[in-house]
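Asks: Numbering (my numbering), first residue to last: 1 to 985.
First the structure, which I've put down as structure tokens, then a few questions once you've had a look.
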């Protein structure tokens, strides 16, 4: 018989690290095939039988084993099959789950199934104090949280399962380590906690006998740092638990602080059984943790990694509330990070390990998810999905619970994975260039293999398996890598680009802001699947990150899934001198995000491998405008940028071409309207100023009022230096337009449009200007589009003036009806202000805000121009109140709140508005608020009464729509049960 090649499964993890008894080896599960041979000569392909030589068949490595190994090193999944990656992910997850159970069994003496026996630990107490942290697991495959918090000592309430202790193995050596977010030797718990720490040391060392036990302690706070768990306490604990232990080469009682720190550590570790290390960065010569001579972190880490390579385990004991340089280096090595435990003091109280699941929740959920993706057995029937302003949602949104099966089986574990990967991306982790992260790498590769087959659009019902696999591939998109898989098409987000598309290299320069932060549109575009490299070339130390796209998650996945989700990438840090390599499966515009720096220095970044997309920065430069228009006509990209000092527009190409067509290709007019009405009119109405003098100005009538009242109306509390971003795309995150920064809209930009200023108005909304709280969320922001459109009408006298439907007749009818009842206030409130559904009674509620302007106009005649000064002054007053918290005793009277002895931090909009409008208009406005069914407290009523103003009449100003001015506003009607509404209004 012919000699058949032997296919042998190769354990990839075994190539990286030696096996340890408690950690099951990972196996690929690929088939073994063998057939013996020998004997008679002459058979084709037989062994060398003539000379009686070795007939052992050669070892042939399965090509998929080699392909997977290469993919795990390069991040390029093109040569490995989906089946191989899926099997590898599942095997890795099973190994992780088994290892977690083994750690718990060892530390707590549990049975193999996680149940307790007579020797198991229980009722564990430990308060790590506020000078501690909790641990965050970055590398899920090798780290196991074996001590989750169950108690918050700050408020004596149940804990939130934060990681207090983690056990793991080094990825290249298999050496063990454990990390505690506090120091249980220096800040001990009860006896059961001592036993848990002792057992942790047993797990680390693999020892049951501690004779001739040699421990090295290093970089722990010394005795002089009396408020932290100092090194002397650690030595005392070790000597108590392990009598006869030697510490740093001498008897425990003879050991001294710092004897093995810094460049002495490597020598100390020769022949050691355990290293216990902290985060102390310099010799303990001071009680305030200020050290004149810090240790070299590179030297320390070299000693640690060399010890681990020799199999010496490490126990890391964190102290204080953050990660300094040494802690950060150690935690990076462990695949961990820390969070401050100062406020919550998460700890343990009568903790019973046997009550905890013996299977780690997240890996178990991920295993079930991957198995369902392969078997196509998701059980959701889509019940519980609901319509939210035209968009189908299937997960909880605060009021609706969503589809439980979908959430449990897919979105909850999927989003946990997405958060894990995006956090790594945002930290600049070049995943496939790092040791470890075996599980995360496999998950990313699995998403790659699914993405290769994705073709948009799709629906959740047409092909369930394709739908879920595509959605999973979005969850696992990772950009810190030199290769990436791209879908067959990207739907309506972007076209694909020929491989021959030439790229450019460009040095991008942008100035950091003096305060706040700045988002800079580079004008460069990353093609999907094409690698781009970035290197920061300036020498500044201010924070700089880079990201692709500024889109929120506007993909309507559960309607028509016609583009990827999560298109905005994580923001990756750029550090001077370090090259960052990014490859996106989606592509998109490149943005720099700049932190503040004194003097607004320039940041320079060399970007190689991108192409350009249309961006206009200076509309006053004719050549730049011409080049911008030409690129709009020819760009292969789908995104256009238009940026000013206060508003940046990000539009898809189709929408921007519609905008240009609306303006007959007149860029000057488009930009002029955007500046005059969308930006300047809005921010001046809200009373803002700018760091650049003269950009925004207060009306002289407003300034005069401020001077007369002694109000500060020009201080930095009124500064507006935030860039507002506007996204014009196929969809918005909610409804047709959705506020925020960026805010998004599903229509083409129109600077004079209602929706643009409605959404920006949401971002400027103040709770003190809202009547009945959330009932005016969709109302009080509309003062901005009203004023903008009114001013455009006044300035241009167009043949078809801009208008909004809804006259004063509707509230007039409601008022007449209410006035005829026994309780007009309650009746009007019931008619206008009780329906909490979205947008309910929006037109009549808005008319209340519009009517206040007319009261200001007639009662401040001669000092106000048109009454709109009221809203500027309301915004100024609101900000001044916020600034006056610490000086309330001396500020209250001048602001008009002299009857409030203490700062009214919980004052609602009803109270603020009745007080503030009375103060500004100079009339007692309580009768007007009564007319509109708006209630207020006795405290607010007392403040208005204290002014001693004449009561305002119950008037209604007739108008056919809210943009009316001048003759468009009729003679006010005195509201009675017999009042009549005039014709023509």
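Here a beta-carbon is modelled for each residue, glycine too, at the ideal position from N, C-alpha and C.
Computed from a predicted structure; not experimentally measured.
Tell me which same chain residues have a C-beta within less than 8 Å of the C-beta of residue 354, skipping the five on either side of it?
Replies: So the qualifying residues of the chain are 108, 110, 114, 115, 116, 120, 122.
Asks: Run through DSSP, which three-state label would residue 725 get?
Replies: Three-state DSSP puts residue 725 in a strand.
Asks: Measure how close the beta-carbons of residue 380 and residue 397 come, nearest whole angstrom, since I'm counting them as under 8 Å.
Replies: Not quite, the Cβ-Cβ distance comes to about 17 Å (not below 8 Å), so this is no contact.
Asks: Is it right to say residue 547 is buried, meaning 16 or more other beta carbons lie within 10 angstroms of its own, or is it exposed?
Replies: That one is buried.
Asks: On a CA-only basis, which of 417, 365, 442, 375 is nearest residue 408? Give me that one, please.
Replies: Of the listed residues, the one whose Cα sits closest to residue 408 is 365.
Asks: Tell me whether residue 838 is buried or exposed, calling it buried when 16 or more other Cβ atoms sit within 10 Å of its Cβ.
Replies: Its Cβ having fewer than 16 others within 10 Å, residue 838 is exposed.
Asks: For a test of the three-state rule: what should DSSP assign to residue 641, helix, strand or coil?
Replies: DSSP places residue 641 in strand when its eight states are reduced to three.
Asks: Can you look up residue 617 in the DSSP assignment and give me helix, strand or coil?
Replies: Residue 617 falls in the coil class under three-state DSSP.
Asks: So what's residue 766 in DSSP terms, helix, strand or just coil?
Replies: Residue 766 falls in the coil class under three-state DSSP.
Asks: Taking all protein chains shown into account, decide if residue 261 is buried (16 or more other Cβ within 10 angstroms of its Cβ) or exposed.
Replies: Label assigned to residue 261: buried.
Asks: Would you call residue 733 buried or exposed, if buried means 16 or more other Cβ atoms sit within 10 Å of its Cβ?
Replies: Under this definition residue 733 is a buried residue.
Asks: Taking Cβ positions, are residue 977 and residue 869 nearer each other than 8 Å?
Replies: Not a contact, by the Cβ cut-off of 8 Å.
Asks: Buried or exposed: which applies to residue 310, given that a residue is buried once 16 or more other Cβ atoms fall within 10 Å of its Cβ?
Replies: Residue 310 is exposed by the Cβ-count criterion.
Asks: Rounding to the nearest angstrom, what Cα-Cα distance links residue 550 and residue 270 in this structure?
Replies: If I take the Cα positions, the gap works out to 53 Å.
Asks: Skipping 5 residues on each side, what residues in its chain have a beta carbon closer than 6 Å to that of residue 555?
Replies: 563, 565.
Asks: Taking only three categories from DSSP, how would you classify residue 386?
Replies: Looking at residue 386 - three-state DSSP - the assignment turns out to be strand.
Asks: When you compare only the Cα positions, how much space is there between residue 922 and residue 722?
Replies: Computed Cα separation, rounded: 34 Å.
Asks: Can you tell me whether residue 216 is buried or exposed, with buried defined as 16 or more other CB within 10 angstroms of its CB?
Replies: Classification for residue 216: buried.
Asks: For residue 491, I'd like the list of residues in its chain whose CB is within less than 7 Å of its CB, leaving aside the five on either flank, ordered along the chain.
Replies: Taken in chain order, the residues that qualify are 456, 457, 562, 563.
Asks: Are the beta-carbon atoms belonging to residue 229 and residue 187 less than 8 Å from one another?
Replies: Yes. Within cutoff.
Asks: Where are the alpha helix (DSSP H) runs, 4 residues long or more, that stay fully inside the stretch 460 to 518, in chain order?
Replies: Segments of the alpha helix (DSSP H) lying fully in the stretch 460 to 518: 464 to 475.
Asks: Per DSSP, which one or two residues make a beta bridge with residue 672?
Replies: Note: residue 672 sits in no beta bridge, so no partner.
Asks: Hey, would you say residue 440 sits closer than 8 Å to residue 446, going by beta carbons?
Replies: Not a contact, by the Cβ cut-off of 8 Å.
Asks: Should residue 504 go down as buried or exposed, given a rule of 16 or more other Cβ atoms within 10 Å for buried?
Replies: Exposed, by the Cβ-count rule.
Asks: Compare the C-beta of residue 182 against all C-beta atoms of chain C and say whether one is closer than 8 Å.
Replies: Here chain C cannot be found, since the structure has a single protein chain.
Asks: Tell me the DSSP secondary structure of residue 550 in three-state form.
Replies: It is coil, neither helix nor strand.
Asks: Rounded C-beta distance between residue 277 and residue 328? I'm assuming under 8 Å.
Replies: Actually they are not in contact, since the Cβ atoms of residue 277 and residue 328 sit about 14 Å apart, beyond 8 Å.
Asks: So is residue 169 buried or exposed if we call it buried at 16+ other beta carbons inside 10 Å?
Replies: Counting Cβ neighbours within 10 Å, residue 169 comes out buried, since at least 16 surround it.
Asks: If I follow the unbroken beta strand (DSSP E) through residue 90, where does it start and stop?
Replies: Premise fails: residue 90 lies in the alpha helix (DSSP H), 82 to 108, not in any beta strand (DSSP E).
Asks: Between the C-alpha atoms of residue 359 and residue 156, what's the straight-line distance to the nearest angstrom?
Replies: Distance between the alpha carbons of residue 359 and residue 156: 28 Å.
Asks: Quick one: is residue 345 buried, meaning 16 or more other Cβ sit within 10 Å of its Cβ, or exposed?
Replies: Flag for residue 345 reads buried.
Asks: Span of the alpha helix (DSSP H) holding residue 184?
Replies: Element bounds for residue 184: n/a, residue is neither H nor E.
Asks: Should residue 488 be labelled buried (16 or more other beta-carbon atoms within 10 Å of its own) or exposed?
Replies: Under this definition residue 488 is an exposed residue.
Asks: Where are the alpha helix (DSSP H) runs, 4 residues long or more, that stay fully inside the stretch 826 to 904, in chain order?
Replies: List check, alpha helix (DSSP H) in window: 842 to 859, 869 to 883, 888 to 895.
Asks: For residue 372, name the three-state secondary structure that DSSP assigns.
Replies: Three-state DSSP puts residue 372 in a helix.
Asks: Measure the CB-CB distance between residue 75 and residue 686 and report whether it falls below 8 Å.
Replies: Their beta carbons are not under 8 Å apart, which means residue 75 does not touch residue 686 by this criterion.
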